[in-house]
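What follows is one structure encoded as structure tokens, with my remarks underneath.
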Amino acid sequence: MNPPIVRLFALVIVLFALLVAYTSRWTVFEAQALRNHTANSRTLLEEERVRRGRITTSDGQVLAGSKKLDRKRFKRRYPTGALFAHPIGYSFLVRGRSGLERYYNEPLSGQRTELVSAVDSILGERRVGNDMQTTLSTAAQQAAVQGLGGRRGAVVAMDVSTGAIRAMVSAPSYDPNAVDDPAGANLDQAPGSPQINRATQGRYPPGSTFKVVTAAAALDSGRYTPTSMVDGENGKRISGVPLQNFGGKDWGRIDLTTALTYSVNTAWASVGEELGGETMNDYMERFGFYADPPLDYPDDQMLPSGVRPGGGGGRLLHPDNEEVDVGRMSIGQGRLEASALQLATVAQTVANGGVRMKPYLRERVIDSDGRTVEKAEPEEVERVMSEESAGQLTQMMRNVVREGTGTAAAMQGVQVAGKTGTAELNQSDLNQPWFIGFTPKHAVAVTIEAVQGGTGGEMAAPIAKSVFEALGE
Amino acid sequence: MSARNRELLALIPASLLVSFGFAAIFIERAAELSNVSLSYGAMFLALCLTGHVVLRFLLPHADPYLFPLAAVLVCFGLVVIYRLNPDKALIQARWFVIALALFTATIFFLRQDFRVLERYRYTIAVAGLLLLAAPRLPFIGQQVNGAYLGVKVGPISFQPAEFSKIAIVIFLAAYLRDNRQVLVQGAKRFLGLTIPPLKQFGPLLVIWGLAMLMLIFIRDLGSSLMFFGGFLALLYVATNRFSFVVAGMTAFFAGSWLIATNVSHVRERLTIWRDPFAPDVVQGAGYQLAQSLFAQADGGLFGKGFAQALLGTPKQSILPTPDTDFIYAVIVNELGLVGACALLLVYLLFVERGLRIAMLGQDSFSKLLATGLTAVFALQVFVIVGGVIKLIPLTGVTLPFVSYGGSSIVANFVLLALLLLVSDRARRTAVGMTP
């Protein structure tokens, strides 16, 4: 009877091998698909058990911390409330994640490879998130919020030489602590859509601030110099339709510097038409228009800047398309839309001698033992214009603040360069005031939404000045 | 070294496992547990040593590795149950004591010659069938999840199918010993098929058919699979006719198909098995199996670590019945594929020892009894683990020696006692020390 017993044992071995094979199927080969399965609530519950890393400003203010719910579970809390809601975002079990909380979820939640976590579990180490220091400045952020004073709008401040974001404000804001509150108001239905980050998603007509881009194209293409004479006559026909200067003033023949200092519409529209759609397209793309900003921030919380002919629709049209009114676009009209981040980048580029830097929010990541595991490396995106052109443009923009429309931004002992903008909205009497500017160290873009009367020079420039001051200028 | 000293040495892994396991849980949950919990470990070790002493005196020649293998499994099970629910571990520990008592009693009464069982084969068969039917009886029967598995007499409830599997195996072994020659030699070939003589095959079919009917009657699919597999294994070893196995398998699949299409309870199991993630299944009937697979995926290659897996709250467990049917999923979750392979290897070693005893057996009854008991044991592991990992449709049987449940551990210790009895006799005759 022994041979059949041996065969029986062989069968048992085969059956057990099948058990091992199937167990490996779920634990190894198809594990990732199962972990990501929609019916699998483990990942979420697991994350609640991880103490997420803290997020701080560059000056050490805690922006996001973890509160212990009970022995094993943690919940996010945001000590600064609405002040940093847009750049930081939130992270809650039910509501999901946004902002930096989402973009840097992996380091913040301490996700590691299988082997490392296996070693950790043998050593009995719990999964702990890494801390993250941002580039943001509490003082600059506060100055921007106070400057906006409850009005809707956006402010972005950057380091000129690195691209580090020092302030990112979108108003109205919301309290991220209330997002997870079941009794709290639904963000999506709140008045003023506070969940939108107007600094990165705002679609505002840039108005005259865009003349900086036109000027850069004019100077760097070699077809104009700061002293080139242009025609500033009022009512000049642009694309066949007469264009008005601010206040209906007829400037006659003036040089390019004067045209920028006093923001002469007809002069810049002619320059834009003269340069043509292709040249304008070239320079706009170099400045970062028509692409998502290269910021370390979730893609769907940012929008590219450019001409949107449909208005409400998201389709972008390049200026070399014949549907685009290149003249009006060159003075920031003609359905051109830009975010505060894009225009801050324009100012940063000019200030940095023509080199556009990659904007970033994360300064460094620090592990639970206090070691810096990742550190931001300033990165050049591209050279937009020659150093000489940038120098000329800087001088022209300093003139704007010294004697032109931007005098409200002038400061003692610091040379401020800038450009104002007062875009007229389609609704009667409503303006979109703007100011973009820079000191040798910092670049700023400020805009206020739909204001009755009031220009960029009067309303936005003082905010820029207080942000510069908060940054220690 | 003598067999018993080898056995004593082989108990060391079990003692290490239980010490480290309890220490690990104690460290992990020091805030909740008292120091008393550490004394559990010592208690289990003392029980294992008691078992060893029993064998040293009553069955000095028995296989030295079977008892330590069972002890490793029991200790491992206790640690896992303790990690899931310390109260249940205490109850399980009490059952362990009862199991050892019954183990000792079985060995004590049958130590002269276990072959007396042969004489009572029909009594044992009827007792086994009655046990199977008991959960359907009024007053004492219990229904759990649509199956009639439990019997409750006073404060004690148990699952009689665990015991009847031993009874049926004893009957089959005894009956086949008498009739195996006739079954083979009397077989006629008809249309290319080997037909065993009905006169000898008849009683076998009757007892086996009754058992199957009972199982359908009490809706215990897992046990019916085990019984049938054990029956085929015995028939094959007794007759060495593979054609019998083929015929049996054909009959089984035909029967399964009939039952599956007609009994909604069974049909549902099949639907879940085909796709537990189907939209209307995953949150309903397929929830258990889906969660079992999620738990295993969560474990990965090395597992979450001991006492680290996510279980949910004590009231609302993510994985249903983590201490009985799905204990294998919990083990994979915490110890990963590596730990699961180690566990399966221990079971395989147990089966190897069991079949080795069968091969050493000096007479047909010894051989068939050891084969039958081991085959049923191996199939039980296959049925429950295979169900939990979606290899076969899920049917609720316990993971021998590991799962929480009194009847399971007691019945498996009786099974172990019988195997050791066979072994002692075989090895005693082999070394020429006839009593």
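Protein sequence lines correspond, in order, to chains A and B. The first sequence begins at 1 in the numbering used here and counts up by one. The second sequence begins at 1001 in the numbering used here and counts up by one. C-beta atoms are modelled at their ideal positions from N, C-alpha and C, and glycine is treated no differently. Bear in mind the structure is a predicted one, so any value in this text is a computation, not a measurement.
Closest by C-alpha distance to Trp268/A, when choosing among Asn431/A, Thr27/A and Val326/A: Your numbering for residue 268/A matches position 268 in the first sequence. Cα-wise, what sits closest to Trp268/A is Val326/A.
Asp180/A and Phe92/A closer than 8 Å at C-beta: Stepping through the first sequence from its first residue, residue 180/A is reached at position 180. Stepping through the first sequence from its first residue, residue 92/A is reached at position 92. Cβ distance < 8 Å, so Asp180/A and Phe92/A count as in contact.
Reduced DSSP category for His442/A - H, G, I as helix; E, B as strand; rest coil: The residue given as residue 442/A occupies position 442 in the first sequence. Residue state, collapsed to three classes: strand.
Backbone CA spacing between Gly248/A and Tyr224/A [nearest angstrom]: Against the first sequence, residue 248/A aligns to sequence position 248. Against the first sequence, residue 224/A aligns to sequence position 224. Their backbone Cα atoms lie some 25 Å apart in a straight line.
Nearest-angstrom Cβ-Cβ length linking Ile88/A and Tyr103/A, presumed shorter than 8 Å: Counted from its first residue, the first sequence places residue 88/A at position 88. Counted from its first residue, the first sequence places residue 103/A at position 103. That belief does not hold up - the Cβ atoms of Ile88/A and Tyr103/A are roughly 10 Å apart, past 8 Å.
Beta-bridge pairing of Phe92/A - partner residues as DSSP gives them: What you label residue 92/A is simply residue 92 of the first sequence in a count that begins at 1. Gly96/A.
Exposure label - Thr43/A; buried when at least 16 CB within 10 Å: As a working note, residue 43/A is residue 43 in the first sequence. Exposed.
Cβ of Gln1159/B within 8 Å of any chain A Cβ: In the second sequence, counting from the first residue as 1, residue 1159/B sits at position 159. By this cut-off, Gln1159/B is not an interface position.
CB of Gly53/A within 8 Å of CB of Leu136/A, strictly: Position 53 of the first sequence, counted from the start, is the residue given in the question as residue 53/A. Position 136 of the first sequence, counted from the start, is the residue given in the question as residue 136/A. No; because the gap between Cβ atoms is not below 8 Å, this pair is not in contact.
Any chain A beta carbon closer than 8 Å to Thr1371/B: In the second sequence, the residue the question calls residue 1371/B occupies position 371. With 8 Å as the cut-off, Thr1371/B counts as an interface residue toward chain A.
Which listed residue (Gly1202/B, Phe1231/B, Asn1333/B and Ala1127/B) has its alpha carbon closest to that of Ala1169/B: The residue you call residue 1169/B lines up with position 169 of the second sequence. Going by the sequence as given, residue 1169/B is Val instead of Ala. Ranking Gly1202/B, Phe1231/B, Asn1333/B and Ala1127/B by Cα distance to Val1169/B puts Phe1231/B first.
Contact between the segment 167 to 175 of chain A and the segment 186 to 200 of chain A (3+ Cβ pairs under 8 Å): yes
Whole-number beta carbon distance between Gln61/A and Arg364/A, since they are thought to touch under 8 Å: Position 364 of the first sequence, counting from 1, holds the residue named residue 364/A. Position 61 of the first sequence, counting from 1, holds the residue named residue 61/A. Contact doesn't hold; Cβ gap of about 16 Å is too wide.
Contact the segment 1385 to 1393 of chain B vs the segment 1272 to 1291 of chain B: 3+ CB pairs below 8 Å: yes
Boundaries (first-last residue) of the beta strand (DSSP E) holding Leu243/A: Taking the first residue of the first sequence as 1, we reach residue 243/A at position 243. Where Leu243/A is concerned, the enclosing beta strand (DSSP E) stretches over Val241 to Leu243.
8 Å Cβ cutoff met for Glu458/A and Ala408/A: Translated into the one-based positions of the first sequence, residue 458/A becomes position 458. Translated into the one-based positions of the first sequence, residue 408/A becomes position 408. Yes, the Cβ-Cβ distance between Glu458/A and Ala408/A is below 8 Å.
Per-residue contacts from Tyr1236/B into chain A (C-beta, under 9 Å): Counting from one through the second sequence, the residue named residue 1236/B turns up at place 236. Per Cβ cutoff of 9 Å: Pro4, Arg7 and Leu8.
The segment 1003 to 1016 of chain B / the segment 442 to 449 of chain A touching (three or more Cβ pairs under 8 Å): no
Residue environment, Gly1372/B, which counts as buried when at least 16 other CB atoms sit within 10 Å: Indexing the second sequence from 1 puts residue 1372/B at position 372. Buried, since its Cβ has 16 or more Cβ neighbours within 10 Å.
Contact with chain A by Gln1185/B, beta-carbon distance below 8 Å: Taking the second sequence and counting its residues from 1, one reaches residue 1185/B at position 185. No, Gln1185/B lies away from the interface with chain A (no Cβ there is under 8 Å from its Cβ).
CA-to-CA distance, Asp1424/B to Leu1198/B, given in whole angstroms: As a working note, residue 1198/B is residue 198 in the second sequence. As a working note, residue 1424/B is residue 424 in the second sequence. For Leu1198/B and Asp1424/B, the distance between alpha carbons rounds to 36 Å.
Glu1118/B at chain A interface by Cβ criterion, 8 Å: Stepping through the second sequence from its first residue, residue 1118/B is reached at position 118. It does not; no Cβ of chain A falls within 8 Å.
Closer than 8 Å to chain B by CB, Arg35/A: Mapped onto the first sequence, residue 35/A falls at position 35. Answer yes: the Cβ-Cβ gap between Arg35/A and chain B drops below 8 Å somewhere.
8 Å Cβ cut-off: residues of chain A touching Asn1240/B: Here residue 1240/B refers to the residue found at position 240 of the second sequence. Residues of chain A passing the Cβ test: Met1, Pro3 and Pro4.
Under 7 Å from the C-beta of Lys1367/B: neighbouring residues of chain A: Here residue 1367/B refers to the residue found at position 367 when the second sequence is read from its first residue. Going along chain A in sequence order, the residues near Lys1367/B (Cβ under 7 Å) are Met1.
Beta carbon proximity, Pro1435/B to chain A, threshold 8 Å: Stepping through the second sequence from its first residue, residue 1435/B is reached at position 435. With a pLDDT of only 41 at Pro1435/B, under the threshold of 50, the placement of this residue in the model should not be trusted, and no figure is reported.
Residue of Trp1208/B, Leu1235/B and Ala1285/B minimising C-alpha distance to Gln1181/B: Walking along the second sequence from the start, residue 1181/B turns up at place 181. Nearest C-alpha to Gln1181/B: Leu1235/B.
Burial state of Glu1007/B, where buried means 16 or more other Cβ atoms lie within 10 Å: Here residue 1007/B refers to the residue found at position 7 when the second sequence is read from its first residue. So Glu1007/B counts as buried.
Residues near Thr455/A by beta carbon distance below 8 Å, same chain, minus five either side: Counted from its first residue, the first sequence places residue 455/A at position 455. Same-chain partners within the cutoff: Thr405, Thr420, Thr422, Asn431 and Pro433.
Near-chain A residues of the segment 1278 to 1289 of chain B - C-beta to any C-beta below 8 Å: Val1282 and Gln1283
Reduced DSSP category for Trp434/A - H, G, I as helix; E, B as strand; rest coil: The residue given as residue 434/A occupies position 434 in the first sequence. Residue state, collapsed to three classes: strand.
Euclidean distance between Cα positions of Met1433/B and Ala1358/B: Your numbering for residue 1433/B matches position 433 in the second sequence. Your numbering for residue 1358/B matches position 358 in the second sequence. Reliability of the predicted coordinates at Met1433/B is poor, the pLDDT of 49 falling under 50, and no value is obtained from them.
Sub-8 Å separation of Ala347/A and Ala154/A beta-carbons: For the purposes of this step, residue 347/A is taken as residue 347 along the first sequence, with counting starting at 1. For the purposes of this step, residue 154/A is taken as residue 154 along the first sequence, with counting starting at 1. Contact: no.
Cα-Cα separation between Ala344/A and Gly1303/B, rounded to whole angstroms: On the first sequence, residue 344/A is found 344 positions in, with the first residue counted as 1. On the second sequence, residue 1303/B is found 303 positions in, with the first residue counted as 1. C-alpha separation (whole angstroms): 49 Å.
Three-state secondary structure assigned by DSSP to Leu141/A: Translated into the one-based positions of the first sequence, residue 141/A becomes position 141. In the sequence on display, residue 141/A carries Gln and not Leu. Of the three classes helix, strand and coil, the one that applies to Gln141/A here is helix, per DSSP.
Per-residue burial, Pro1435/B [other beta carbons within 10 Å of its own, 16 or more giving buried]: By one-based count along the second sequence, residue 1435/B stands at place 435. With a pLDDT of 41 at Pro1435/B, under the threshold of 50, the modelled position of this residue cannot be trusted, and the question is left open.
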